[in-house]
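Protein chains in written order, with the working numbering: chain A, 765 to 1058; chain B, 24 to 138; chain C, 1377 to 1674.
Here a beta-carbon is modelled for each residue, glycine too, at the ideal position from N, C-alpha and C.
Here the structure is a predicted model, which means the values were calculated and not measured.
These notes are about the structure you will find just below.
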Amino acid sequence: MAQTSNVFKLAVASGKGGTGKTLLSTNLASFVSEFDDVLLVDLDVEEPNDSIFVKGLVSDVHPQYKMVPQWDVARCDLCGDCVDICNFNALVNVGKMIVVYENLCHSCHACSELCHKKALPMKKHHVGDVSVIKSQNLTLLEGRLNVNEEQPVALINNVHSLVNQNWSKYKYQIFDSPPGTSCSMVASTGKCDYILLVTEPTPFGLNDLKLAVDAAKLMKRPFGVVINKYGSGNKDVEEYCRDNGIEVLGKIPFDISIAERYSKGELLLDKHCFRSVVSSLYNKLENIRISQNG
Amino acid sequence: MKILFTSTGSEWSSKIDPRFGRAEYLLIYDTEKDELISTDNRSVNGKAHGAGTATAQKVFDLSPDVIITGNGPGENAARVLQHLNPKIFIDAQGLSVKDAYEKYSAGDLSQLPLS
Amino acid sequence: MDSIREIVVLSGKGGTGKTSVASSLAYLAGKEAILADCDVDASNLHLIMGPDIIKKELFYGGEVAQIDIETCIQCGKCKEVCRFDAISFSAGVHTIDNLSCEGCGYCSRVCPTGAITMMPRLSGEFYISGIRNGSQMSHAKLFAGGENSGKLVATVKKNAYRMAKERGCDYLITDGAPGIGCPVVSSLSGAKVALLVTEPTMSALHDLKRVLFVVRRFNAIPLLVINKSDINEAVSEEIKIFAKSEKIEHLADIPFNTAFVESMGKARIVAEENQFLKGIFESVWEKAKEVADSSVQN
């Protein structure tokens, strides 16, 4: 987990949806790309949106698979052990057939390896795609889960492996993570060097920030906060951060024109007040990166 | 003929459980023997995932000719039931098992096409 | 007609105002409806409904492996078969990382000494509460890192249906989960109407299309509300054209209004704070009811 090279994996996360993860991830990546190579990874695989803001050509598509058992009628003696073994009810014995529900399978391999007739060899099953989008120094990897699949975690883990295999030379790796604090958020952020929690100064934002802080602590990851729509709502989020010794790395001012331009799918670095927030955030992250690499 | 009801209890007076995968009980009425046998499905109800296929497995083993339920099986369960090809009648929620049976006998329940 | 009509509020994308809409409808419905919060991963509805908890229960979702150090002979078979890197070996002992364990139970099956037991995983709490409008709500809290499963959502809904039946409520208003995965599927199960709350951003439109696919699969009737409709007229138009082509009835446009954030700050419901918005929500609620009622008559 500890990086021996000077790679910096930054996760951008939040408890609540719609607080500005995508706004921050895309603009920060674009800012870094002005002077360095940067990798932006969209891990909100159920609803990926980064490609709306990072405009570029899809240079490559990596289909993503998970391993699932495939029933071999010739070998099977219909003993039914596999149905009992599967803790996810992904196998059903319908009379003279074993039916596999690929969408329920967690790829644990138990049924396959414990089958005494070797009648359930594992095969690849398509769960989604990772598109590679190039925009000068910025490379965007967009993970997208197929609509009928119910488990984002397998795809998220795949994307992390893919990054380590093919893009490990990128010093800056920004992971735009799914909202919430459940297993997909943990899978997205758990192996990053730092988690940036984006929140808004409302009771909803504060409630969900506390949950996200709990998750970051559980994973033992260092984290800091960015307050979006700063100036609207109230001061409770700031006070909470101050009282709990949580660093606030940036405050994006509440500005209707930011919302308008975001709605059009535009980046905002040409807007002075916004750019200065991103620039100062970058400097703080740079200090964190250097201190972590010791 | 065997008729299966998804229900919230084990009696004729129990209400139909609108849910298929997470139904609490599966009741089988055998019209030839005139007996009602109940299967407790609450352990499946507690599954985090795959309740639909787990219940469908049980239904498959009970092999009814007719299923009377509420919302109808979800996609996964429907795929299992295709192998059994029962007649499925839905929208019986709110009724007791007895009333649902009578309504079915009178031809007043809507049938779900299994496609 | 004695069946309970469920109206689920969904959005796909987070932050579009789904919870504000659900709470406003519940406020207008009063004792006519039970409110269910199925947005269990970082839920918010309780912050403005002022729930008074009547009953609390622990939620166990899935399983997690547990090693008994007395019986374990440190053979390492469990670590070999685990596909989730959940078992580590250090200082001479094998331990399980609860966060990584997916509960498949493979390790417990290969353990030669029976040292591994699959235990129910404590992953949250669910509640039944009285709320300010005189009705009740069913809600839950998922612990950090817990698996947001269909079971938790199904339990919240089951409680809500039972409460509605006990209290003779005709409707259930459900604040649905975001995304398109397992929890959304569970929050849609049984619903007559899916009220889609979106905003005129490219992201929200994109997510709306994905969530609509799931709504269709469950035969719920989709209805549309565009929140913050004036922040981008062009995208607003695009959403309306999309809705028309998909034959989704568009119920209302809600212009950008700071009352959403302000009322939240006071832990109040938008519809009780702002007369103008209350009027819009009244028409949305009447229409949603009408569609839900007609769906059960056919």
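**Asked** Looking at the C-beta of A:Cys1037, does it have a partner C-beta in chain C at a distance below 9 Å?
**Response** no
**Asked** So, using beta-carbon positions, are A:Lys860 and A:Leu842 closer together than 9 Å?
**Response** yes
**Request:** Could you tell me which of A:His880, A:Ala854, A:Gln937 sits nearest to A:Gln915, measuring between CA atoms?
**Result:** A:Ala854
**Message:** Any beta carbon from chain A within less than 9 Å of C:Tyr1436's own beta carbon?
**Reply:** no
**Item:** 6 Å CB neighbourhood of A:Lys1015 in its chain, flanking five on each side removed
**Value:** Ile991, Tyr994
**Request:** Determine the direct distance from the alpha carbon of A:Asn921 to that of C:Lys1389, and round the result to whole angstroms.
**Result:** 22 Å
**Item:** the region 957-970 of chain A contacting the region 1533-1551 of chain C, beta-carbon criterion three pairs below 8 Å
**Value:** no
**Request:** Verify the CB distance criterion: does B:Gly73 have a CB-CB separation below 9 Å to chain A?
**Result:** yes
**Message:** Closer than 9 Å between beta carbons: that is the criterion. Which residues of the region 1573-1584 of chain C meet it against chain A?
**Reply:** Glu1575, Pro1576, Thr1577, Met1578, Ser1579, Ala1580, His1582, Asp1583
**Request:** Kindly provide the ranges of any alpha helix (DSSP H) runs that are 4 or more residues long and lie completely inside the region 1421-1461 of chain C, ordered along the chain.
**Result:** 1421-1425, 1453-1457
**Prompt:** Using 9 Å as the limit for Cβ to Cβ distance, is B:Glu125 near chain C?
**Reply:** no
**Request:** Can you grab the Cα-Cα spacing for the pair C:Leu1627 / C:Leu1600, in whole Å?
**Result:** 6 Å
**Prompt:** C:Lys1665 and C:Tyr1547 look like a contact to me (Cβ under 8 Å); what is the Cβ gap, rounded to whole Å?
**Reply:** 7 Å
**Request:** In the DSSP assignment, find the unbroken alpha helix (DSSP H) run with C:Lys1685 in it and report its ends.
**Result:** Only positions 1377 to 1674 of chain C appear in this structure, which leaves residue 1685 of chain C out of reach.
**Request:** Check the C-beta distance from A:Thr783 over to A:Asp940 and give it rounded, since I have them as a contact under 8 Å.
**Result:** Between A:Asp940 and A:Thr783 the Cβ distance is about 12 Å, and since that is not below 8 Å, they are no contact.
**Where A:Ile1052 falls: helix, strand or coil (DSSP)** = helix
**Message:** Please report the straight-line C-alpha distance between A:Phe1018 and A:Glu1011, rounded to a whole angstrom.
**Reply:** 20 Å
**Within the region 896-975 of chain A, ranges of the alpha helix (DSSP H) (whole runs, at least 4 residues)** = 916-930, 947-953
**Asked** Going along chain A, which residues have a C-beta under 9 Å from C:Cys1558?
**Response** Glu914, Gln915
**Prompt:** Residue ranges of each beta strand (DSSP E) run of no fewer than 3 residues wholly in the region 814-850 of chain A, ordered along the chain?
**Reply:** 821-833
**Prompt:** Which word fits A:Gln828, buried or exposed, when buried means at least 16 other C-beta atoms lie within 10 angstroms of its C-beta?
**Reply:** buried
**Request:** Please confirm whether C:Ile1549 and C:Thr1489 have their CB atoms less than 9 Å apart.
**Result:** no
**Amino acids of chain B, ordered along the chain, whose beta-carbon sits closer than 8 Å to that of A:Leu868** = His72, Gly73, Thr76, Asn99
**Request:** Could you name each continuous alpha helix (DSSP H) segment of 4 residues or more that falls completely within the region 1639-1664 of chain C, going from the start of the chain to the end?
**Result:** 1646-1649
**According to DSSP, residues forming a beta bridge with C:Thr1574** = C:Ile1602
**Prompt:** Got a sec: is the Cβ-Cβ distance from B:Leu85 to anything in chain A below 9 Å?
**Reply:** no
**Prompt:** Beta carbon of C:Pro1559, beta carbon of C:Cys1454: below 9 Å?
**Reply:** no
**Asked** In chain C, what lies closer than 9 Å to A:Lys780 by C-beta?
**Response** Gly1390, Gly1391, Ala1418, Asn1420
**Any 3 or more C-beta pairs closer than 8 Å across the region 942-954 of chain A and the region 925-932 of chain A** = no
**Request:** Compile a chain-ordered list of the residues in the region 1496-1514 of chain C whose CB is closer than 9 Å to at least one CB of chain B.
**Result:** Pro1496, Arg1497, Ser1499
**Item:** Closer than 9 Å to chain A by CB, B:Val103
**Value:** yes
**Asked** In chain A, which residues lie with their C-beta within 7 Å of the C-beta of B:Asp79?
**Response** According to the sequence shown, residue 79 of chain B is Ala rather than Asp. Residues of chain A passing the Cβ test: Val856.
**Prompt:** Does the beta carbon of B:Leu135 sit closer than 9 Å to a beta carbon anywhere in chain A?
**Reply:** no
**Prompt:** Is the Cβ of A:Gly1029 closer than 9 Å to any Cβ of chain C?
**Reply:** yes
**Prompt:** Expressed to the nearest angstrom, what Euclidean distance is found between the alpha-carbon atoms of B:Leu104 and B:Lys81?
**Reply:** 11 Å
**Message:** Is there a Cβ of chain C sitting closer than 9 Å to that of A:Asn851, yes or no?
**Reply:** yes
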